[in-house]
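Q: In the working numbering, the protein residues as written are 14 to 301.
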């Protein structure tokens, strides 16, 4: 039985993967998925992918594109979530900041360099017309680190997925002073080059199984309830999140989308040049 080490954030977006694992859908095809949660986010996944500790990652689109250009450790196999990610812009509950505009030149907590929280701070700054040279960063390792850093004044703000952060807001640890949507599909699947070379068809089978589970999940009448129960959200928040989330159930990828991501990364000085969209993608992708 072929085994793949697969990782992603411990968030509701990954429920189709977990349902497939729980229902032994991979084992039925003589495949095994060894799942690893990455609370540290995209940067942590890209590090392990480069070192060979991870075979497949479901990570933020902008972080994956930046990592492929910088390190060439893998290629995109598919868009996983087609809808954008809604980032909440958070400050400590006792902070004096009341609006995103007040955060110009302030310190942003980021999980690590190259993570989504890092890159989106720059993308948001660019859209607000701020100088990205003035952004200060404090590496905190993820949500738990941010929960310590913001109240202690080590950082002023923290960007993280809105609904996953909602329980922290409701407990009174953070205040959300703004929201920011990614201008592109939020999650893609990246596969390590060696795995693509040796097991392309088996990777295709794994992803097709997840696509089917995602399609079925989108049609379940109890989907929002399941999300609320598993991830500690209120029913209303789970329904709002589910209504705005669309999983991709084929292998088509827009070259225009990849170009848009690269342009934003270039503007933020995260990458030094654009590459051809084809060079970011595996053989599984149908570039349109």
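For each residue, glycine too, the CB sits at the ideal point set by N, CA and C.
Using C-beta distances below 6 Å, list every residue in its chain close to residue 86, excluding the 5 sequence neighbours before and after it, in chain order.
A: The residues are 62 and 63.
Q: Please report how far the alpha carbon of residue 135 lies from the alpha carbon of residue 148, in whole angstroms.
A: Taking the straight line joining both Cα atoms gives about 8 Å.
Q: Could you check whether the stretch 100-107 touches the stretch 71-89, counting it as contact only if at least three pairs of C-beta atoms, one from each stretch, sit closer than 8 Å?
A: No, the stretch 100-107 is not in contact with the stretch 71-89.
Q: Going by beta-carbon coordinates alone, are residue 68 and residue 18 separated by less than 9 Å?
A: Yes, the Cβ-Cβ distance between residue 68 and residue 18 is below 9 Å.
Q: For the alpha helix (DSSP H) containing residue 226, name the first residue and the last one.
A: That run of the alpha helix (DSSP H) goes 206-231.
Q: Would residue 190 and residue 113 qualify as a contact pair, given that the criterion is a beta-carbon distance under 9 Å?
A: Going by C-beta atoms, residue 190 is nearer than 9 Å to residue 113.
Q: Could you tell me whether the stretch 238-246 touches the stretch 25-39, where touching means 3 or more Cβ pairs closer than 8 Å?
A: With the cut-off at 8 Å, the stretch 238-246 and the stretch 25-39 touch.
Q: If you follow the alpha helix (DSSP H) that residue 255 is in, where does it begin and where does it stop?
A: Counting along the chain, the alpha helix (DSSP H) containing residue 255 begins and ends at 248-256.
Q: Does the contact criterion of 3 or more C-beta pairs under 8 Å hold for the stretch 122-133 versus the stretch 150-163?
A: Taking 8 Å as the limit for Cβ pairs, the verdict is that the stretch 150-163 does touch the stretch 122-133.
Q: Is the CB-CB distance between residue 94 and residue 200 below 9 Å?
A: Yes, these two residues count as a Cβ contact at 9 Å.
Q: Can the beta-carbon of residue 38 be found closer than 9 Å to that of residue 222?
A: For residue 38 and residue 222, yes; Cβs fall inside 9 Å.
Q: What residue range does the alpha helix (DSSP H) around residue 78 cover?
A: 74-84 is the span of the alpha helix (DSSP H), which, as asked, contains residue 78.
Q: Could you pull out every residue in the same chain whose Cβ sits closer than 8 Å to the Cβ of residue 53, ignoring the five residues on either side in sequence?
A: Closer than 8 Å at the Cβ level, and outside the excluded window around residue 53, lie 124, 125, 128, 154 and 155.
Q: Go through its chain and collect everything with a Cβ distance to residue 182's Cβ below 6 Å, but skip five positions before and after it.
A: Same-chain partners within the cutoff: 189.
Q: What does a CB cutoff of less than 6 Å around residue 258 pick up in its chain, not counting 5 residues either side in sequence?
A: 96.
Q: Counting only the same chain and skipping the five closest in sequence on each side, list residues whose C-beta sits under 8 Å from that of residue 279.
A: Cβ neighbours of residue 279 beyond the five flanking positions: 285, 286 and 287.
Q: For residue 99, name the three-state secondary structure that DSSP assigns.
A: Looking at residue 99 - three-state DSSP - the assignment turns out to be strand.
Q: Going along the chain, which unbroken runs of the alpha helix (DSSP H) with 4 or more residues stay wholly within the stretch 24-60?
A: Counting only runs of 4 or more, we get 28-35.
Q: Could you tell me which of 192, 281 and 168 sits nearest to residue 142, measuring between CA atoms?
A: Per the Cα distances, 281.
Q: Kindly identify the DSSP beta-bridge partner or partners of residue 310.
A: Outside the displayed range of the chain (14 to 301) lies residue 310, so it cannot be described from this structure.
Q: Around the C-beta of residue 205, are 16 or more other C-beta atoms found within 10 angstroms, so that it is buried, or is it exposed?
A: When all chains shown are included, residue 205 counts as buried.
Q: Considering only their Cβ atoms, is the gap separating residue 198 from residue 277 smaller than 9 Å?
A: No, Cβ-Cβ distance for residue 277 and residue 198 is not below 9 Å.
Q: According to DSSP, is residue 66 helix, strand or coil?
A: Residue state, collapsed to three classes: coil.
Q: Since residue 130 and residue 172 should fall inside the 8 Å C-beta cutoff, what is the C-beta to C-beta distance between them, to a whole number of angstroms?
A: Confirmed, Cβ separation roughly 5 Å.
Q: By a C-beta neighbour count over all protein chains shown, 10 Å radius and 16 as the cutoff for buried, is residue 146 buried or exposed?
A: By the 10 Å Cβ count, residue 146 comes out exposed.
Q: How about residue 178 and residue 103: do their beta carbons lie closer than 9 Å?
A: Yes, the pair counts as a contact, with Cβ atoms nearer than the cut-off.
Q: Between residue 230 and residue 260, is the Cβ-Cβ spacing less than 9 Å?
A: Contact: yes.
Q: Could you check where the alpha helix (DSSP H) with residue 16 kicks off and where it finishes?
A: No alpha helix (DSSP H) contains residue 16, which is instead part of the beta strand (DSSP E) from 15-21.
Q: What is the DSSP secondary structure of residue 195, counted as helix, strand or coil?
A: Correct three-state label for residue 195: coil.
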